[in-house]
Every structure is written in structure tokens, then in C-alpha cells.
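Please read the structure below before turning to the comments.
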Amino acid sequence: MTSEHVDVLIVGAGLSGIGAGYHLQQKCPGKSYAILEGRDCIGGTWDLFRYPGIRSDSDMFTLGYSFKPWTEPKAIADGPRILNYVRETAADNGIDKKIRFHHRVKRASWSTQDARWTVEAERGGAAEIVRFTCSFLFMCSGYYKYEEGYTPQFSGSEDFAGRIVHPQKWPEDIDYAGKRVVVIGSGATAVTLVPELARTAGHVTMLQRSPTYVVSRPAQDPVANKLRARLPAKLAYHLIRWRNVLWGMFFFQLSRRRPARVKQLILGGVRMALGPDYDIATHFTPRYNPWDQRLCLVPDGDLFTAIRQRARSRHHRHRHRSQSAGDGRHGSQCRRPRNRFRADAELQGHDVFRYPQSGGLVRLHQCVVDAEMRPDLRICLPPDQLHGPAWL
Ligand SMILES: Cc1cc2nc3c(=O)[nH]c(=O)nc-3n(C[C@H](O)[C@H](O)[C@H](O)COP(=O)(O)OP(=O)(O)OC[C@H]3O[C@@H](n4cnc5c(N)ncnc54)[C@H](O)[C@@H]3O)c2cc1C
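For the sequence shown, position 253 matches number 252 in numbering that gives the first Met the number 0, and the numbering has no gaps at all.
Below, the structure written as C-alpha cells:
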């Protein structure tokens, strides 16, 4: 088998691979390179994920490239705009011409004697093996399995007549309007999905094993937008980027040195957004300190708005029905247990999902599994011990 030699071989044509191509062209114009991409398009994450409301959860002034100003009004940006940004970077700089699509890298071995990598890739649907050699192998292939996101096995899921959906493979035909949806998890994907689903779904429950710190930031950065209106694009971008980088470093250091204070600040923000009656201790207070794990960012407090709106509409409905069914400050599991969990026999033949350890059954129409970064996630709590903000 013949092999093709390049100085640098980049694997992956996502945000990183395109960035690597740019810097290589700028800093080492004499070096030859190629990008091997397993899929048929540029963009990686920002092309693969199609779930409703997909967006960044860091601001694009820091997630974006140092060399290409982010010019969109929203700093916390929608997925399609990020995809467009990556594709534009590739096209503007001729990086797209260096990409070999449908090349999935399978093996790489280093020879000290030859001071070279030998890389084997499967090409196209026929999976023909092609070989490359290079002096430098640049892995920009991301951090998760592209074929399938982590999907825990829930015993009893085969009896569930609704749909179980993983956000990594969001089906185009899914219609959740008016349906009852459970989102499993409370990480970045879940807090993005929930406000978006809540717009049209009949009922959305976010099911979390333990809470995450949630911080609201404006989707549009007013200072950045003012600077961009007055200064040349590149200068404004660099100033904002550095301000955000330094602020991020400061906040991280503060979290490490004064965790109690930062915790108080974050929880104070949630209390302001949800009001003094909301049970923040249960639903928004993690067992760990800020930045022990990743914080979740919500643009313009959309998650909190969704919670408040649902609480208001529920209050309204209840007034009209002259009912009093709890004070609505806890998760839906606590609010309407009788409606939500019934005996096995009652639900035979319906949309049934079994909670393994409790044997409890819940009737659902859709169930979204968000386990992207939660390989340890399991539903194993009895229904009356489930925690999480919920919407009725
Ligand atoms: C929904 C979502 C939101 C996110 N938001 C943020 C955020 O706001 N801020 C942040 O910092 N990060 C965020 N991330 C993480 C995000 O994935 C990265 O920031 C960034 O997009 C990673 O870019 P990448 O190019 O390194 O990897 P990817 O985007 O994963 O691209 C990897 C590329 O490599 C290709 N590839 C993989 N394996 C092979 C192989 N064997 N052979 C050939 N090609 C291969 C893939 O097809 C893909 O095109 C988010 C992730 C998700 C899923």
C-alpha cells in the first residue's frame, strides 16, 4: 500500500482542526499539511448536535478564534451561527481545500527510527484503508464518541411506549408540542434544552440526581456591543476577549480562595431570579464548591424565566379550578405525586417507564437522556426522593 507524506497531519475539521490549520499556515507557511475528517462536513460539534436551542455556554469572544473577530450581536451564541463562523474561517483562508472528508483515522504508530508517524484511515463507505505518514500528528478529534453518545441502560425502558431521545442524535421528526417531557440530567445540555422545550411542550421536568451551579449572564454583552460600535472590529474584539479571559481567571481564583463567598453570590443570583419562596437549597445548591465542577451558564436567565412562567401559569390554573395542591415551590414530583406515579396495573399498555429500584412507574410521552458528560448517571431513586426544578 502506498502512503502519502505531509509534514503535519491534523485529525478533525471542527473548531480546533480549522484553528490549527490557520495557525499552521500563518506560522509555518513552508510546511505541508492535510486535515483528515471522518464525516462529510466541517464544524464537528456544531454540525453534529441539532437539538432545540443548541448554543454555546461560554461567550464567543473567548471561545472564538483570536484571529477572527466574533461580530454577531449575541455573545452566547446559537449553534448554527457558530457553525457558520467555523465554516467561514475555513473558506476565507483556504483551509477547506486541505480537508479530506470521509477519512476516519483508525491507527497511528510512531517510528523512532524514521522519526515519523504512520496513520491509517478508512476512506468512504467501502472503508478502504489509506495510509499517511507525517512528522507531526495534531489530534483535533474532540472528546466524545461521535457514533453514539453515552446512553445508560434503564431497565424497563423497553416497556416505555414514548420516545427516548439522546441530544446527540436529535430526530428531525420529533414533535413534542403539548407533550409531557422529562429531561434527565442538569448539566449544560439540560439547562439549554429545558427552556426551549418548555415553550411548546405540555410539561417539562428536569430530573437531576444532584444540583449544578447555574449562573445567568446576558446573551448580548452591552459593553462589548458599545465598543464594537465605536472601535475597529479587531481592536474591540481583542479588548473584549482579554477582559473576558481576565474576568474568567479572576472568578475562578476567587472561587478557589473564597468558595463560601462565591457560593453565596451564585445562590443569591438564583434567589433574585426565582424569588425568596423557591426551594433553592434543594434544587440549586450543589454539594460541592463553585468550580469544583463546571458551572452552567444560562443566557438572560432563560431557565429561571421558564420556571417562573410555569409557576405563574400553574397558579393561574389552580385559582380557576379552586384547587389547592401544594405551594408549588418544590419539584413536580413533590407537587402531584398521585398524578405522576401510579400502580403498575393502571399503566399497562401506556407510555410507561420504570424506575428500577423503586419499581415506580411514570407516565411520559418523551424522555430525553442527557448523559453526555454524566457517564455515571443512573435513575435509581424512588420517585418521592427525586429532586429537581420542574414545570407544571
Ligand atoms: C452542545 C455543546 C455545547 C458546547 N459549548 C461549549 C462552549 O460554550 N464552550 C466551550 O469551550 N466548549 C463547548 N463545548 C465543547 C465543544 O465540543 C468544544 O468547545 C469545541 O467545539 C470542540 O471542538 P473540536 O474541534 O476540538 O472538537 P469537535 O467539535 O468534537 O470536532 C472534532 C472533529 O473531529 C472529527 N473526528 C473525530 N474522530 C475522528 C477520527 N478518528 N478520524 C477523523 N475525524 C475524526 C469529528 O468528525 C469532528 O469533525 C460544547 C459541546 C457541546 C456538545
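Using N, Cα and C, we set each Cβ at its ideal position, and we do this for glycine too.
Boundaries of the beta strand (DSSP E) around residue 131: 127-138.
Residue nearest to residue 172 within the set 205, 51, 46 and 238 is 51 (criterion: CA-CA distance).
Look at residue 254 here: in three-state DSSP terms it is helix.
The beta carbon of residue 138 sits closer than 6 Å to those of 10, all from its chain and outside the five residues before and after it, given in chain order. At a cut-off of 7 Å, the beta-carbon of residue 53 counts as near ligand 1: some heavy atom of the ligand is closer than that. Between residue 216 and residue 153, the alpha-carbon positions lie close to 35 Å from each other. For the pair residue 166 and residue 48, the CB atoms are nearer than the 8 Å cut-off. Pairwise C-beta distances place the stretch 289-304 in contact with the stretch 183-200, as three or more of them are shorter than 8 Å. The beta carbon of residue 4 sits closer than 6 Å to the beta carbons of 132 from its chain, once the five residues preceding and following it are set aside; these are given in chain order. Between ligand 1 and the CB of residue 117, the shortest heavy atom gap is not smaller than 7 Å.
Inclusion of residue 43 and residue 34 in the CB contact set at 8 Å is not warranted, their separation being larger than that value.
Under a 10 Å Cβ-count criterion, residue 220 is classified as buried, with 16 or more other Cβ atoms of the shown protein chains found around its own Cβ.
Take residue 72, set aside five residues on each side of it, and the residues of its chain with a beta-carbon closer than 8 Å to its own are 219 and 224, in chain order. One thing to note: residue 189 has its Cβ within 8 Å of the Cβ of residue 182. Residue 273 has its alpha-carbon roughly 8 Å from the corresponding atom of residue 306. In this structure, DSSP gives residue 270 a helical state, which the three-state scheme calls helix.
Look at residue 145: its beta carbon is less than 7 Å from one of the heavy atoms in ligand 1.
For the pair residue 222 and residue 236, the Cα-to-Cα distance works out to about 11 Å. Annotation: the stretch 157-209 contains the following complete segments of the alpha helix (DSSP H) (minimum length 4 residues), in chain order: 187-197.
In this structure, DSSP gives residue 152 a state outside helix and strand, which the three-state scheme calls coil. DSSP places residue 4 in the uninterrupted beta strand (DSSP E) bounded by 2-10. Nearest C-alpha to residue 67 among 84, 53 and 56: 84. Contact between the stretch 21-33 and the stretch 141-149 is absent: fewer than three C-beta pairs spanning the two stretches fall below 8 Å. Linking residue 82 to residue 12 through their CA atoms gives a straight-line distance of about 11 Å. With contacts defined by Cβ atoms closer than 8 Å, residue 41 and residue 128 do not form a contacting pair.
Not a single heavy atom of ligand 1 lies less than 7 Å from the C-beta of residue 165.
Within the model, the alpha-carbon separation for residue 288 versus residue 265 is close to 11 Å.
The closest heavy atom of ligand 1 lies 7 Å or more from the beta carbon of residue 22. The alpha-carbon separation between residue 267 and residue 239 amounts to approximately 26 Å.
Collapsing the DSSP output to three states places residue 212 in coil. Closest in C-alpha terms to residue 113, from the list 104, 134 and 244, comes 134. For ligand 1, no non-hydrogen atom lies closer than 7 Å to the CB of residue 284. A buried status is given to residue 36, since no fewer than 16 other beta-carbon atoms sit within 10 Å of its beta-carbon.
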